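Please read the structure below before turning to the comments.
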Amino acid sequence: MPARALTPDDCTPRMTAFLDLPADTAFGLDNLPYGVFSTQDDPSHRVGVRIGEHVLDLAYLETHGLIAAPEAGRAPVFHGTLNAFMALGKPSWDAVRGRLQDLLSADGPDDLRGSETHREAAFTPLAEVAMHLPATIGDYTDFYSSRQHATNVGTMFRGPENALMPNWLHLPVGYHGRASSVVVSGTDIVRPKGQQKPEDAPPVFGPSKLLDIELELGFFVGPGNDLGDAISIDDARDQIFGFVLVNDWSARDIQKWEYVPLGPFLGKNFATSISPWVVPSAALDPFRVAGEAQDESEGNPEPLAYLQQSGNRSLDIALEVHLETEAMRNDGTAPEVVSRSNAKYLYWSPEQQLAHHTVNGCNARPGDLMASGTISGETEDSYGSFLELTWRGSKPLAMPSGESRKFLADGDRVVLTGVAERDGTRIGFGEVEGTVVPAR
Numbered sequence: 396m397p398a399r400a401l402t403p404d405d406c407t408p409r410m411t412a413f414l415d416l417p418a419d420t421a422f423g424l425d426n427l428p429y430g431v432f433s434t435q436d437d438p439s440h441r442v443g444v445r446i447g448e449h450v451l452d453l454a455y456l457e458t459h460g461l462i463a464a465p466e467a468g469r470a471p472v473f474h475g476t477l478n479a480f481m482a483l484g485k486p487s488w489d490a491v492r493g494r495l496q497d498l499l500s501a502d503g504p505d506d507l508r509g510s511e512t513h514r515e516a517a518f519t520p521l522a523e524v525a526m527h528l529p530a531t532i533g534d535y536t537d538f539y540s541s542r543q544h545a546t547n548v549g550t551m552f553r554g555p556e557n558a559l560m561p562n563w564l565h566l567p568v569g570y571h572g573r574a575s576s577v578v579v580s581g582t583d584i585v586r587p588k589g590q591q592k593p594e595d596a597p598p599v600f601g602p603s604k605l606l607d608i609e610l611e612l613g614f615f616v617g618p619g620n621d622l623g624d625a626i627s628i629d630d631a632r633d634q635i636f637g638f639v640l641v642n643d644w645s646a647r648d649i650q651k652w653e654y655v656p657l658g659p660f661l662g663k664n665f666a667t668s669i670s671p672w673v674v675p676s677a678a679l680d681p682f683r684v685a686g687e688a689q690d691e692s693e694g695n696p697e698p699l700a701y702l703q704q705s706g707n708r709s710l711d712i713a714l715e716v717h718l719e720t721e722a723m724r725n726d727g728t729a730p731e732v733v734s735r736s737n738a739k740y741l742y743w744s745p746e747q748q749l750a751h752h753t754v755n756g757c758n759a760r761p762g763d764l765m766a767s768g769t770i771s772g773e774t775e776d777s778y779g780s781f782l783e784l785t786w787r788g789s790k791p792l793a794m795p796s797g798e799s800r801k802f803l804a805d806g807d808r809v810v811l812t813g814v815a816e817r818d819g820t821r822i823g824f825g826e827v828e829g830t831v832v833p834a835r
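Numbering (this note's numbering), first residue to last: 396 to 835.
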């Protein structure tokens, strides 16, 4: 059925938007995240922005001359995925963002606000849309940028004296993931199968018994660079289009047996979930914080020149992991928050990740996805994986249903959330969720 038209009665000056937004919304004019959506009436994929509990159709605005991306010429950029828009670069991103804020402002032009026809056609209630991957992802790279996470894992497997490998404080460690298995939030996660090596026994094949999550922050690359060139640390921020939440599902038993000597493979490439809304980099500028000092004042080695970043390099984004077992769902019990972390715990920034990724001449392309690696804080309730939260299964998590969890069981539903908040401004990421289903 068609969406109800928004009328002037819906309009209030709250938060300067002409729409009637909830007072505590994390999707106001300061956010305006981009996503790709469709509706039952129109199954075509097109770009929209979230404003409160509605989606504004940018393809419609583009078709009717209400918005245009500079540098695009006459080529449409909002019909399909975000790749074409990502490729245009920061001047176009800023111009479109500014135009959207004007169109949606209570004291802005009447182009959208003053036309019932445009309002009815351009806005769709969030509950009536289907969300899709925001971009065609050509390549996906996963980093290992949280010092506490790397220390925790190293302590488990090598002891506290050798927790961090010799290279860790000198460069952002990463590996190339599998872009084909990146999925949008809401996609079920089929339990992977592979080889596992029991203690003092030959390897066996079967479904993973140690299925885990990884709480991460990801970013999409904009224009990118030519093969043989590099993106400098000074230019890296302007190359980052926006951010998403990432759950890089991991099969710890498969990973443990296979990773020597080349690193993750089948234990990682079966699924990576991302949130559907891409929060623009500009929306997060007010939430930048210093981060851990990368110099001798904190006992850390100074990075090489190409990784030295001036100014605030970390992002203050509160992150949570929610777990709902099948029994909890059947009983109507709310998901349990099992971890509260923050993106500011990353040692290596997104800009440092991108600069290092391309310093050898590797070409990044519009829509490439890069993820931070598991984000863990210093306290046990801020760890970003079950491997850490249960310390390799030795400290099971007690659930409200009376169950316990060392790792994930079939039927478990995991939801990651993220919100940046300061001085009354809230920037939401929405959520990335997935439910584990039995191996096929």
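The beta-carbon is built from N, C-alpha and C at its ideal position, and this holds for glycine as well. Just so we're clear, the structure is a prediction, and the values are computed from it rather than from any experiment.
Query: Helix, strand or coil, according to DSSP, for M765 in the structure here?; Result: strand
Query: What distance in whole Å lies between the Cβ atoms of A501 and F413, which are believed to be in contact at a cut-off of 8 Å?; Result: 5 Å
Query: Do you know offhand how far N642's Cα is from K604's?; Result: 18 Å
Query: Would a check of beta-carbon distances place R514 closer than 9 Å to chain D?; Result: In the structure shown, chain D does not exist; there is a single protein chain.
Query: Does the beta-carbon distance from I635 to S676 come in below 9 Å?; Result: yes
Query: Please work out which residues of its chain come closer than 7 Å, Cβ to Cβ, to T769, disregarding the five sequence neighbours upstream and downstream, and give them in chain order.; Result: S541, H544, E609, L610, E611, G779 and S780
Query: Tell me, which residues are paired with M526 by DSSP?; Result: F432
Query: Would you call the stretch 513-530 and the stretch 730-739 in contact, with 3 or more CB pairs under 8 Å?; Result: no
Query: Would you identify the three-state DSSP class for E816, choosing helix, strand or coil?; Result: strand
Query: Rounded C-beta distance between D711 and S796? I'm assuming under 8 Å.; Result: Not a contact, Cβ separation roughly 33 Å.
Query: What do you get for Q747, buried or exposed, if any count of 16 or more other CB atoms within 10 angstroms of its CB means buried?; Result: buried
Query: Flag V754 as yes when its Cβ comes closer than 8 Å to any non-hydrogen atom of the ligand COA, and as no otherwise.; Result: Here there are no bound small molecules, and the ligand COA is not part of this structure.
Query: Between which two residues does the alpha helix (DSSP H) holding T753 run?; Result: P745 to T753
Query: Nearest by alpha-carbon distance to H440: which of G475, P761 and P428 is it?; Result: G475
Query: Using CA atoms only, rank isn't needed, just tell me which of H513, S510, D648 and L507 is closest to L782.; Result: D648
Query: Would you report the Cα separation of W786 and A558, rounded to the nearest angstrom?; Result: 15 Å
Query: Relative to the alpha-carbon of M723, which residue among R800, L741 and T434 has its alpha-carbon at the smallest distance?; Result: R800
Query: Once you ignore the five residues that flank L622 on each side, which residues in its own chain have a CB closer than 7 Å to its CB?; Result: G756 and N758
Query: Of all the beta strand (DSSP E) runs that stay within the bounds of the stretch 657-724, which reach a length of 3 or more residues?; Result: 667-669 and 713-719
Query: Please report the residue range of the beta strand (DSSP E) in which P602 lies.; Result: V599 to P602
Query: Please report the straight-line C-alpha distance between T402 and M551, rounded to a whole angstrom.; Result: Residue confidence is low: T402 scores 40 on pLDDT, short of 50, so the model does not pin down where it sits. No coordinate-derived value is stated.
Query: Quick check: L453 and G443, are their CB atoms within less than 9 Å of each other?; Result: yes
Query: Do the stretch 588-601 and the stretch 771-778 touch if we need at least three Cβ pairs shorter than 8 Å?; Result: no
Query: Look up F538 in the DSSP assignment and give the residues it is bridged to.; Result: G569
Query: Using three-state DSSP, classify T476 as helix, strand or coil.; Result: coil
Query: If you follow the alpha helix (DSSP H) that E773 is in, where does it begin and where does it stop?; Result: E773 -> no alpha helix (DSSP H), and no H or E assigned at all.
Query: Secondary structure at N642, three-state DSSP: helix, strand or coil?; Result: strand
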